[in-house]
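As they're listed, the protein sequences go chains A and B. First residue of the first sequence: 0, per numbering that gives the first Met the number 0; consecutive thereafter. First residue of the second sequence: 0, per numbering that gives the first Met the number 0; consecutive thereafter. Please read the structure below before turning to the comments.
There are 2 protein chains.
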Amino acid sequence: MSDHPADYTELCSLLKKAATLGSVSAFISWDQETYMPPSGANARAEQSSLMAELVHARTTDPRVGELLENCERDKSLLGDARAAANLREMRRDYDQATKLPSQLVSELAEVGSKAQHVWKDARAKNDFAMFRPWLEKMVALSRRKAECLGVPTGGEIYDALLDQYEPDAKASEIEAVFTPLRDKLAGLVSDLTGAGKSPDPAPRRIKVPEAKQHALGLAIIEAYGFDLDAGRLDVTTHPFCSGVAAGDTRLTTRYRESSWTDALFGTMHECGHGLYEQGLPKAEFFGQPLADSISLGIHESQSRMWENFVGRSHAFWEWALPVVSKTFGDPINSFSVDEVYASVNAVERSLIRVEADEATYNLHVMLRFELERAIISGDLAVADIPGEWNKRFEEYLGMPVPDDARGCLQDVHWSFGLMGYFPTYALGNLYAAQFWDKINEDIPDLDDRFRRGDFITLLDWLRTNIHSCGKQYKAGQLCERITGKPLEAAPLMRHLEGKLKPVYGL
Amino acid sequence: MSDHPADYTELCSLLKKAATLGSVSAFISWDQETYMPPSGANARAEQSSLMAELVHARTTDPRVGELLENCERDKSLLGDARAAANLREMRRDYDQATKLPSQLVSELAEVGSKAQHVWKDARAKNDFAMFRPWLEKMVALSRRKAECLGVPTGGEIYDALLDQYEPDAKASEIEAVFTPLRDKLAGLVSDLTGAGKSPDPAPRRIKVPEAKQHALGLAIIEAYGFDLDAGRLDVTTHPFCSGVAAGDTRLTTRYRESSWTDALFGTMHECGHGLYEQGLPKAEFFGQPLADSISLGIHESQSRMWENFVGRSHAFWEWALPVVSKTFGDPINSFSVDEVYASVNAVERSLIRVEADEATYNLHVMLRFELERAIISGDLAVADIPGEWNKRFEEYLGMPVPDDARGCLQDVHWSFGLMGYFPTYALGNLYAAQFWDKINEDIPDLDDRFRRGDFITLLDWLRTNIHSCGKQYKAGQLCERITGKPLEAAPLMRHLEGKLKPVYGL
């Protein structure tokens, strides 16, 4: 960067400080979910609010605006593809941030932190009424946020929120992809669950103590290439990944003795996010868009790829079963690779999104997308969420919801104002499938490599083609660059049908 | 506070924000010692440095100075004992903080964070040469700090550092108390170790897995009254307590299978600090001196009291042995209360300060006080520390130092610039002994209460007489208020002789 003009250097340095404060913020959120004692919640809310205020002040510093304008007039910078991409995204970030009054930013952080605490309690007590006033506050704040960000022409208020997580996406366009996909998926789920034959769940049902599950999780993510000197794996209520800073990426998971595969696939999922975070060029560009992920949809494509396309493949289990056997001992030894493979690819109507199988998962997401879109537009009142949730759940997933803890209280997202976030989960599956076809063209012996425990060839491909680019390309551009086509639903349906029908003897 | 003038309210609110940032800083330091992955060190150093800069900017905000001046002219405030104490200490803090240039503050934080990381490695590798250049940097920065703070009239440069931890203390005065005490202690240690009879170490030598030691530690600190909903106990290299914020006090300890009592007394020690932190009126006065501890000497009086005056008493063990037995099972059951009591009161010349017994401990502290005083004055070069350490260690403790890891590299303090801190450890023992006499006057059946597992009566006394006062009184004033006398060495010598001589049959 030494040949860049002084303004560009100053700009990057200011943004690096803002990002450093942001990384402290991210980190105290991680602690809030992992180790903070309950009575620390009020003080933590004040810390979070104040930190958010400081980050906001730095990202909206008028000096940043001035420097940006100067750089945008500099032809040498605009002629450098990476600097130009940096400036394009810095402009977007600055414009978005300056639209939000700092009072609102700090209120969102403070109320969010408290609401999240109440949510935890409400879920434990299966008490939606306890959570309701807090969710109402968060919805009102989110609407105010959307109004400040501005509704895009021809769009709806929800789009302003969605755009934060999946730039340029529109609810109506997502609906146009999701609705037919929903029908095809529902059809596939019907075919599979009606096939008369279904995989034996026994391999998933063996009881495994937490400590052994943790050891297995660590062994798998290490094989995937996750650098444990630059990251951690801890336990929390709702698994997540936080790419706190350069050299510090934190994964969380949760264990239940009776369902070791839930924890394992959850861990693989967060590890996929973590590998993306570790692959971003943060040491070089921290604070610049070049060190940032593209969108949540692309982020999710990485997590779903490692969880489903790798972790639920036959080749993976040919390598992994001996590893599991070494860690767990006896109980797993009575099962063959085919049995375990079939078992982890079982399709079952179930209640919890993060434990759902590959086929039904998208139905869980679509339900949330529809509800949050209606809450934000005002078509649905917060008080009516449980009823509407339960009704649609039965319609799409074909089973009743026994209680709110396993229904509309199951996810942390809404409690701290993540509205417009859910659809990115399904977009991630779509991107992953489309990338996967190209990866198999480029690495024709991928399965053989998995059988040998070589996952690094895949990781290298992802590092080169996705991670190292940071935010140089928009999600759509990246997809075109890699696959030569815009995003489409066909690869995902092909992948699911191609894998799942044989498992069910169809 | 509603009847206080607006300036006072604004002042308290500004200081609360500064303290909130300070609490974030304290918290990321806690993580650095407990859960941070090693590759996160560089990013963490940048975070720490930036946070320190922000805290410094807020505590030195000229608006704080202005408001302080206004309040200092307000007779109604000065007539209120608590507000007056608040203003007295706010003035002290403000003057101290404004003497330090923000560049120096941020350099101290950044170099300190890196030096601490190197220290950890150097200790593991027993390599003083690796640590030496970093310690030299920290000493140079500390001297610059002392010069900025200002050497008190008739004092020495070291006093400026000491004053940060023990306000108004002077090295020459400490020397005047320590030197005769050192001679008496050395005499007592000689008498005891030469008595021909010494307690059987067997009860301390049983092997106990980490998990059981952790369970015992939690049981004991809960009985002491530590609120685990408002705190935690974690594992680190060097045990410490961080009173992060209201409702959030974090203790750390370390376990070795072969020495369960080291961990237990370390945990009791940090718990004593933690009880003080939990007893300070933070919910009401956070950010004000009224919510702060008085000095490190007073803080240490609390940790040493719970560790030694309670935890090494016969009455405590009458209650505790069945608890230990319930947690550990068989190996402890062959020992009587008398045997365990004698064993944990053994006096042994040993290498590690934090594991030293009650009598030799002060000798370890005096050695450090003498060395750091000489390093800061320039009488001793950093390169000569190992030699000088080993020489004096043999002189005072009567045994050779086998390597630097168990010698001058054993403590974390110097690595991040805590110079002038060590003497407060011995002052803590002196204060604890003097308070203890008064406590036994006020609660004549204290031992009977311990036998029943009632430690809350003691805690209540400490809450009322010490914790709840915050910084209302200076250390010397508090001592006079409670005991009617200034600090003196006699109670500590009486306590040690009264307890230890019978253990050794003298």
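In this text, a Cβ means the ideal position worked out from N, Cα and C, and glycines have one as well. Source: prediction; values computed, not measured.
query	result
Nearest-angstrom beta carbon gap, S24 (chain B) and E44 (chain B) [assumed within contact, 8 Å]	Just to set this straight, residue 44 (chain B) is Ala in the shown sequence, not Glu. Contact flag wrong, Cβ pair sits at about 13 Å.
8 Å Cβ cut-off: residues of chain A touching L10 (chain B)	Ordered by position in chain A, no residue passes the 8 Å Cβ test against L10 (chain B), which lies about 17 Å from the chain.
Within-8 Å CB hit, D291 (chain A) to chain B	no
Of the listed residues A:S342, A:L13 and A:K113, nearest to V502 (chain A) (C-alpha basis)	A:S342
L499 (chain B) beta carbon near the ligand HEM (any heavy atom closer than 7 Å)	Ligands in the displayed structure: none, and consequently the ligand HEM is not present.
Residue range of the unbroken alpha helix (DSSP H) whose run includes G186 (chain A)	A170 to T192
W258 (chain A) vs R303 (chain A) beta-carbon contact at 8 Å	Per the sequence shown, the amino acid found at residue 258 (chain A) is Ser instead of Trp. Contact flag unset, no.
Beta-carbon proximity of L510 (chain A) to M89 (chain A), cut-off 8 Å	Missing from the structure shown is residue 510 (chain A); chain A here goes from 0 to 505 and no further.
Unbroken alpha helix (DSSP H) run spanning R231 (chain B), endpoints	Segment G230 to V234 is the beta strand (DSSP E) holding R231 (chain B); no alpha helix (DSSP H) there.
Run of the beta strand (DSSP E) containing R448 (chain A), from where it starts to where it stops	Taken as a continuous stretch (DSSP letters only), R448 (chain A) belongs to no beta strand (DSSP E), being part of the alpha helix (DSSP H) at L445 to R450.
Start-to-end residues for the alpha helix (DSSP H) that takes in T456 (chain B)	I455 to N464
4 or more residues per run - each alpha helix (DSSP H) lying fully within the segment 193-264 of chain A	201-204 and 209-223
Nonlocal neighbours in the same chain, by C-beta distance under 8 Å from A229 (chain A), ignoring five residues either side	G246, D247, T248 and Q277
Beta-carbon spacing of V110 (chain A), M129 (chain A) below 8 Å	no
Residue span of the alpha helix (DSSP H) that contains S112 (chain B), given as start and end	S101 to K124
Any chain A beta carbon closer than 8 Å to S300 (chain B)	no
Residues near F454 (chain A) in its chain [Cβ-Cβ closer than 8 Å; skip 5 each side]	A222, Y223, G224, V309 and R448
Inter-residue CB distance, A244 (chain B) and G39 (chain A) (contact presumed, cutoff 8 Å)	6 Å
Counted within 10 angstroms of its Cβ, other Cβ atoms place S1 (chain B) as buried (16 or more) or exposed	With a pLDDT of 45 at S1 (chain B), under the threshold of 50, the modelled position of that residue is not reliable, and no figure is offered here.
Boundaries of the alpha helix (DSSP H) in which L362 (chain B) is found, first to last residue	Y360 to S376
Proximal residues of chain A, C-beta to C-beta of V23 (chain B) below 7 Å	V23, I27, Q46 and M50
Alpha carbon of I438 (chain A) to alpha carbon of L457 (chain A), nearest angstrom	8 Å
Beta-carbon contacts of G296 (chain B) that lie in its chain and below 7 Å, excluding the five residues immediately before and after	E165, T423, L426, G427, Y430 and A474
Contacting positions in the segment 211-243 of chain A - beta carbon closer than 8 Å to chain B	D226, L227, D228, A229, G230, R231, D233 and V243
Coarse secondary structure for H3 (chain B), derived from DSSP in three states	coil
Any C-beta of chain B under 8 Å from that of L20 (chain A)	yes
Alpha carbon of I220 (chain A) to alpha carbon of C270 (chain A), nearest angstrom	6 Å
Residue from B:P37, B:L53, B:N41 and B:P485 with nearest C-alpha to S22 (chain B)	B:L53
CB contact below 8 Å: M35 (chain A) versus chain B	yes
For Q301 (chain B), the three-state DSSP class (helix, strand or coil)	helix
Among A:Y34, A:E496 and A:R480, the one whose alpha carbon lies nearest that of V234 (chain B)	A:Y34
Nearest candidate by alpha-carbon position, reference R255 (chain A), set A:H237, A:L191, A:L396 and A:G242	A:H237
L250 (chain A) to H412 (chain A) span [Cα, whole Å]	17 Å
Alpha helix (DSSP H) segment containing M89 (chain A), residue limits	A80 to T97
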